[in-house]
Structure formats: structure tokens, C-alpha cells
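Engineer:
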Amino acid sequence: MTIFIQIRDLRKTYVMGKSTVHALDGIDLDIIPGSFTVVMGPSGSGKSTLLHLIGGLDRPTSGSIVVDGEPLEKMDENQLAEYRRKMVGFIFQSFNLVATMNAAENVGFPMRFARTTNRERRTRSMELLKRVGLDDRALHKPTELSGGQQQRVAIARSLVNQPKIILADEPTGNLDTASGYGIMQLLSVLHKAGHTVIVVTHDPRMQHFSTHIIYLLDGRIVSEAEYQAASTFDFAETSEGETTHES
Ligand SMILES: Nc1ncnc2c1ncn2[C@@H]1O[C@H](COP(=O)(O)OP(=O)(O)OP(=O)(O)O)[C@@H](O)[C@H]1O
Ligand SMILES: [Mg+2]
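Heads up, the sequence shown is in the working numbering, so the first residue is 24 and it goes up one at a time.
(1) Should K187 be counted as a contact of ligand 2 given a C-beta to heavy atom distance under 7 Å?
(2) From E167 to K41, what distance separates their C-alpha atoms?
(3) Cutting at 8 Å between CB atoms, please list the residues of its own chain near I244, excluding the five before and the five after it.
(4) Would the region 120 to 128 and the region 93 to 105 be scored as touching if the rule is three or more Cβ pairs under 8 Å?
(5) From G92 to T139, what distance separates their C-alpha atoms?
(6) Return the Cβ separation of K70 and V61 in integer angstroms, given the expectation that the two are a contact with Cβ distance under 8 Å.
(7) Short of 8 Å in beta carbon distance, which residues of its chain neighbour E249, apart from the five on each side in sequence? Order them along the chain.
(8) Using 7 Å as the cut-off, classify the Cβ of S71 as near or not near the heavy atoms of ligand 2, replying yes or no.
(9) Note down, one range per segment and in chain order, each beta strand (DSSP E) of at least 3 residues found wholly within the region 216 to 257.
(10) Return the CA-CA distance between G79 and H225, expressed in angstroms with no decimal places.
(11) Could you check how far apart the C-beta atoms of S181 and I114 are, in whole angstroms? I think they sit under 8 Å.
(12) For the region 92 to 168, list the beta strand (DSSP E) runs that are entirely contained and at least 3 residues long, ordered along the chain.
(13) Relative to the C-alpha of V222, which residue among L209, R228, E193, H214 is closest?
(14) Does the pairing of the region 185 to 205 with the region 105 to 114 give three or more beta-carbon distances under 8 Å?
(15) For R175, name the three-state secondary structure that DSSP assigns.
(16) Looking at the structure shown, is S272 part of a helix, part of a strand, or coil, going by DSSP?
(17) Per DSSP, which one or two residues make a beta bridge with I55?
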């Protein structure tokens with residue numbers, strides 16, 4: 024089977040004064056094209072760090088990420104920026120919409136540097152809002168939308184440049200149960216449309232939509248059995264995954 028994203032011995036180390044944090048401690052992972060991977064793990068296990076590195080938002084301390092045959096570590100800043108723009112759509116827990124812009128303007132925002140006319144941007148924004156079921160909310164500002172609707176706008180925005188990869192970091196974390204489920208279904212639709220999806224989540228319902236599940240503990244990938252064993256001791260009593268892993 025072809026590998027779309029090949030990760031080898033990926034490490035990210037933060038040195039803060041006298042303490043060293045191994046946020047990622049030797050990750051090996053193959054992502055096949057068109058897969059839907061769910062990443063589970065307690066707070067501080069390295070989930071966001073992994074997504075940021077795959078998305079080219081940050082550089083690893085060592086190790087390699089090859090996407091579609093291109094090693095990210097060989098790219099200079101401009102090439103990495105182009106990789107982010109063309110290949111990757113990001114979705115965050117907090118939506119990250121611009122408060123002063125309406126839904127359509129938010130969706131069109133990533134196109135601002137491309138050579139497009141206002142009319143092209145508007146048409147494309149409306150297409151995408153339709154795709155996420157929000158074409159009737161195009162003129163609403165973020166405060167005039169529900170959380171689930173704001174996340175749909177953010178998803179539409181992430182699709183502007185037709186990215187092959189969609190990275191979502193706890194996309195349902197700020198949503199109620201029902202809205203969260205709607206977002207999962209939307210991600211599933213995108214997966215079925217051919218996008219390669221990687222989602223960090225604490226919500227076990229996401230697993231029903233996934234083709235692969237990986238478990239992170241202290242910056243390493245572990246088996247489901249190891250993960251379950253650790254959860255019973257380690258973070259069973261904490262609320263909302265708020266554990267601290269000092270290392
Ligand atoms: N910029 C940074 N500087 C120093 N340490 C960092 C930095 N970013 C992350 N870390 C540390 O790296 C580890 C992994 O962080 P990361 O954000 O990837 O965890 P996470 O699994 O996404 O957690 P959460 O579920 O709380 O979002 C944590 O111990 C964190 O404190
Ligand atoms: Mg995180």
C-alpha cells in the first residue's frame with residue numbers, strides 16, 4: 024500500500040531552564056492516502072505537537088516527515104509555507120474565526136494572498152458554506168452563530184485551497200454533544216470525498232468514523248492495551264483529560 028505521510032523517529036524536545044520535555048519521543052507512523060486517523064491521548068501526551076509538525080507549523084528537533092514523497096525537513100521557510108497553504112487544512116478547538124468578519128469573509132480569508140477577484144472569493148466562499156450546510160448564514164458574524172456553526176465555518180475555511188490533508192485538533196472540544204456529532208459527520212463526509220483526515224480527540228464517538236486509531240502516551244505511540252492499562256491508573260480520576268505529565 025502506498026504511504027502518503029511517512030514519519031520516522033520524530034522527536035520534539037523543549038528545554039525550559041533546567042527541565043527538558045520530550046513532547047514527542049520517537050514517533051514512527053505511516054498514514055495511507057484517504058485514511059481517517061484518530062489520535063487519542065491524555066493532556067500533555069504530544070497530540071497537538073504531532074499535528075503541528077505534520078502540518079508544517081513547527082519543525083521537529085530530529086526525525087523525518089515525508090509527505091507525498093517530499094521531506095518537510097528539506098524545505099526552507101517559503102516551501103514550508105507553500106506546503107501549509109496548498110496541502111493542509113487546519114481545524115482548531117477554538118474555531119479561530121475573525122470576529123469582525125462575517126462567515127463568507129472568514130471562509131475567503133485564506134484566499135487573500137492568491138490572485139483572485141472579490142467576486143471569485145465570494146463565489147468560492149458560498150460554495151464552501153453550502154458544502155457545510157451554512158449558505159443561509161453567510162452574512163452572520165461569529166457571535167451571531169452557534170458553536171457548531173462557527174466550527175462549520177472554520178471547516179469551510181480550511182477547505183479553501185483544496186487541501187489533501189485535514190488536521191483537526193479537538194474540533195468538538197468546545198461543542199455540546201449533538202453539535203459535536205454533526206462536526207464528526209462532516210469530517211466523515213470529507214474523508215469519503217477523498218481527503219486524508221487526522222483528528223485529535225477525547226471523544227470516543229469519533230472512532231466510529233475512523234479507519235485507524237493511534238494512542239499516545241508521553242510522546243510515544245503505544246498499543247491500545249498499554250493505553251487502557253495506563254488510563255485506569257493515570258487519568259481515570261481527572262476531569263476532561265486534565266492530567267499533568269511532568270517529565
Ligand atoms: N512551546 C512549548 N514550549 C515548551 N513546552 C511545550 C511547548 N508546547 C508543548 N510543550 C510541552 O510538550 C508536551 C506536549 O504538549 P502538547 O500540546 O502536544 O500536548 P497535548 O497532547 O496536545 O495536550 P492537550 O490534550 O492538553 O492539548 C507538554 O508537556 C507541554 O507542556
Ligand atoms: Mg493539544
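A virtual CB, placed ideally from N, CA and C, is assigned to each residue, including glycine. Only a predicted model underlies this, so the values are computations on that prediction, with no experimental measurement involved.
Structural biologist: Looking at the coordinates:
(1) The sequence position of residue 187 within the sequence shown is 164, counting from 1. No; taking the cut-off as 7 Å, the Cβ of K187 has no heavy atom of ligand 2 nearer than that.
(2) The sequence position of residue 167 within the sequence shown is 144, counting from 1. The sequence position of residue 41 within the sequence shown is 18, counting from 1. Their Cα atoms are separated by approximately 46 Å.
(3) If you number the sequence shown from 1, residue 244 lands on position 221. Correct list, in chain order: I50, D51, L52, I237, Y238.
(4) no
(5) Against the sequence shown, residue 92 aligns to sequence position 69. Against the sequence shown, residue 139 aligns to sequence position 116. Distance between the alpha carbons of G92 and T139: 29 Å.
(6) Locating residue 70 in the sequence shown gives position 47, where the first residue counts as 1. Locating residue 61 in the sequence shown gives position 38, where the first residue counts as 1. Contact doesn't hold; Cβ gap of about 10 Å is too wide.
(7) Within the sequence shown, the letter at position 226 stands for residue 249. Closer than 8 Å at Cβ, skipping near neighbours: Y238, L240.
(8) The count along the sequence shown starts at 1 and reaches residue 71 at position 48. Yes.
(9) 219 to 223, 235 to 240, 243 to 245
(10) Residue 79 sits at position 56 when you count from the first residue of the sequence shown. Residue 225 sits at position 202 when you count from the first residue of the sequence shown. The alpha-carbon atoms of G79 and H225 are separated by roughly 23 Å.
(11) Reading the sequence shown from its first residue, position 158 is the one you call residue 181. Reading the sequence shown from its first residue, position 91 is the one you call residue 114. 5 Å between Cβ atoms; contact.
(12) The region 92 to 168 contains these whole beta strand (DSSP E) runs: 111 to 115.
(13) Locating residue 222 in the sequence shown gives position 199, where the first residue counts as 1. Shortest Cα-Cα distance from V222 to any of L209, R228, E193, H214 involves E193.
(14) Enough Cβ pairs lie closer than 8 Å, so yes.
(15) Mapped onto the sequence shown, residue 175 falls at position 152. Note: R175 maps to helix in three-state DSSP.
(16) The first residue shown for the chain is 24 and the last is 270, placing residue 272 beyond what the model contains.
(17) Position 32 of the sequence shown, counting from 1, holds the residue named residue 55. Paired residues: none, contrary to the question.
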